[in-house]
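Numbering (mature numbering (1 follows the signal peptide of the UniProt record, and there is no 0)) for the sequence shown: -25 to -1, 1 to 182. Everything below concerns the one structure shown next.
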Amino acid sequence: MAERWAALLVVAVVHLCAHVLRVHGELGIGGEIQIGFPGIGGGFFGGSGGQGDDVQPPPPVDDGRRARMPSAREFLLHHNVVRAHLGEQPLRWSHDLARYARRVANHRRGDCALQHSLGPYGENLFTGSGNDWRPVDAVNMWLSEYQFYDPTTNTCWPDKMCGHYTQMVWRDTERLGCARAECDGGGVFIICSYDPPGNWLGEGPFE
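As structure tokens, this is what we get:
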């Protein structure tokens, strides 16, 4: 399979002295990948189950290409599959958040750039070359960061990202709105907005 690239950026924006607060400092941008995540392995840190090698990781979400569904339902379903695995309450779809995400996605059609909106919501971004990326791809990529989150210190492993995962499963987040846009020069831009936002400094996703 030919390699494809994808990159991510996550930010939780809060109005506190005009600072952008994050769980663990600089999250960075991912590099080249192949989608699929067959057999995500290693110990799993998560939820009320604590940590340990005997705890099973959240399984990758089934590929939506086998049964195409409206993207709103696809985004919501795949988020809630992950949250249910961890014993967290399901998110509700918000048309207000979806409209906000659509405005951001439309603004990025011209360049497909990973630039966060600095809006009032938590935010996960994804972009990839080619036009066949689906919501399930973004969700599975964010989910793959579970292995790099350590709840004992509420940090990511050194030089690893985990903020997309922690925002997805943040206990106090209740509403979700997402959008997908095909960029003018090729590629796909995906954004999910979360309210209330997660990744507050000094707090963990399962508190």
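We put the beta carbon where it would ideally sit given N, CA and C, even for glycine. Here the structure is a predicted model, which means the values were calculated and not measured.
Q) Do residue 84 and residue 158 have their C-beta atoms closer together than 8 Å? A) By the CB criterion at 8 Å, residue 84 and residue 158 fall inside the cutoff.
- Item | Spatial neighbours of residue 120 in its chain, beta-carbon cut-off 7 Å, leaving aside the 5 residues before and after | Excluding sequence neighbours, residue 120 sits near 136, 137, 139, 140.
### Beta-carbon proximity check, residue 72 vs residue 151, cutoff 8 Å
Yes; because the gap between Cβ atoms is below 8 Å, this pair is in contact.
Residue 97 classed as buried or exposed, judged by whether at least 16 other C-beta atoms fall within 10 angstroms: When all chains shown are included, residue 97 counts as buried.
_Please report the straight-line C-alpha distance between residue 75 and residue 168, rounded to a whole angstrom._
Taking the straight line from one Cα to the other gives about 8 Å.
| query | How is residue 84 classed by DSSP in three states: helix, strand or coil? | reply | Coil, per DSSP.
- Item | Extent of the continuous beta strand (DSSP E) to which residue 183 belongs | The structure shown does not extend to residue 183, since the chain is modelled only from -25 to 182, so the question has no answer here.
message = Do residue 142 and residue 115 count as a contact pair if the criterion is CB distance below 8 Å?
response = Taking a C-beta distance under 8 Å as the contact criterion, residue 115 and residue 142 do not qualify as a contact pair.
key: For residue 73: DSSP bridge partner residues   = When beta bridges are read from the DSSP output, residue 73 appears opposite no residue.
*Alpha-carbon to alpha-carbon, residue 128 and residue 188*: Residue 188 is absent from the structure shown; the chain starts at -25 and stops at 182.
**Asked** In this structure, what does DSSP give as the bridge partners for residue 130?
**Response** Assignment of beta-bridge partners to residue 130 by DSSP yields 125.
Worksheet item: Would a C-beta distance cut-off of 8 Å place residue 180 and residue 149 closer than the cut-off?
Response: Cβ atoms of residue 180 and residue 149: not closer than 8 Å.
*Cβ neighbour criterion (16 or more within 10 Å) applied to residue 64*: With fewer than 16 other Cβ atoms inside 10 Å of its own Cβ, residue 64 counts as exposed.
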